[in-house]
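One structure is given below, encoded as structure tokens.
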Amino acid sequence: MATLLPSDSLTYQSFGQLSYLERVADSRTVTVFFHGLGLDATDYQGYLESHETHGIAVNLAGYAPRSAGHLPPVPAKDHVEMVAGLVRRIGHDHPEKRIVLVGFSLGADLVLQLAEHWTANPDGWRPSLFGALLLDPNVNRSTMTISRLFAAADRRDPLPALKKLVDLAPDLDGFRALCTYASRIAAKDFGQVRQLADDMMHYWDPTGYDQFGERVARVAAISNEVNIVLSADYGEHLREMEDAVRRHGAPAARVVFNITEMDHFGLIEHGVLHRQLKSLGCD
């Protein structure tokens, strides 16, 4: 989760209030990456620099490094509309390429919201996705410990919430990961983080899995394949998640679940991304 700076292989570009890192390559696919709550596009920079594929890592509005305080808090619905516009432009600029969407945590929920947005506007443009990779999407509010913590925090003074965040560490490795994450959050405009945390808390039901199943089925309806990769903590939810997706009509061959032994942040390590995207046929 180290914060890096754009290198010679990447370009830094903007699209309205969004910004993104792009590596252009002569590949059959263009992969669009969405970051987690309080993170940014640099989480995918190492992957983009080390793989000869066309990739675009998006910074949500107000989330780019060193952009703190430049915007009032942006609601989730506005993010969805802006990101849908960016994906549309990518599709128009590269009509010969297959589009793959990758979302981590809140970014995975954003992919679910994009599918809802495109489904609700059948007469508008929408992509025919080659694939979608969802890394630890939420299933209900029981998986939203960090979002719940930030949604209840004072946007002007995030320090108490950040201290509680670090206290969640189950062991020394978890402590290191959460300390790194807390330092990333501390460098952001916390008003943006709190806004999205609160909006996403309202997006999910408190319990149950039908809402998750319905939302994944929408993604499957516009994508050749949906890979859902989960950290070890999701073991208790896996069977209910699979059953809910099947109940809502998503074909088993198009929605693939993979439970791992990794922790939450391990899912965006370069090697993990490479293996999962290779399984989707990204090149």
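Take the UniProt record's numbering: the final residue in the sequence shown is number 283, and no numbers are missing along the way.
Every residue gets a Cβ at the ideal spot worked out from N, C-alpha and C, and that includes glycine.
* Cβ neighbour criterion (16 or more within 10 Å) applied to residue 118 -> buried
* **DSSP-derived helix/strand/coil call for residue 177** => helix
* Environment of residue 157 [buried if 16+ CB atoms lie within 10 Å] -> exposed
* Asked: Going by alpha carbons, who is nearest to residue 132 out of 155, 103 and 239?
  -> 103
* Since residue 17 sits in a beta bridge, which residues does DSSP pair it with? -> For residue 17, which the question treats as bridged, DSSP gives no partner whatsoever.
* What does a CB cutoff of less than 6 Å around residue 25 pick up in its chain, not counting 5 residues either side in sequence? -> 52, 53 and 54
* Asked: Under three-state DSSP, which class holds residue 222?
  -> coil
* Asked: Can you pull the DSSP bridge partners for residue 259?
  -> 230
* To do: Under 8 Å by Cβ, that's how I've got residue 182 and residue 166 pegged, so tell me the actual separation to the nearest angstrom.
  => 6 Å
* Asked: Got a sec? Which residues, its chain only, sit under 6 Å from residue 247 by beta carbon, not counting five neighbours each side?
  -> 213
* Proximity winner among 148, 188 and 85, relative to residue 73 (alpha-carbon distances) -> 188
* Cβ contact (3+ pairs, closer than 8 Å) linking the stretch 36-48 and the stretch 74-93 -> no
* Asked: Where in the stretch 121-194 do unbroken runs of the beta strand (DSSP E), each at least 3 residues long, occur, reported from the N-terminal end onward?
  -> 131-135
* Mapping DSSP to helix, strand and coil, what is residue 74? -> coil
* Asked: Is there contact between the stretch 127-141 and the stretch 216-234, where contact requires at least three CB pairs shorter than 8 Å?
  -> yes
* For the beta strand (DSSP E) that contains residue 103, what are its first and last residues? -> 98-104
* To do: Using a Cβ cut-off of 8 Å (strictly closer), state whether residue 152 contacts chain D.
  => Given the protein chain composition of this structure (a single chain), no chain D is represented.
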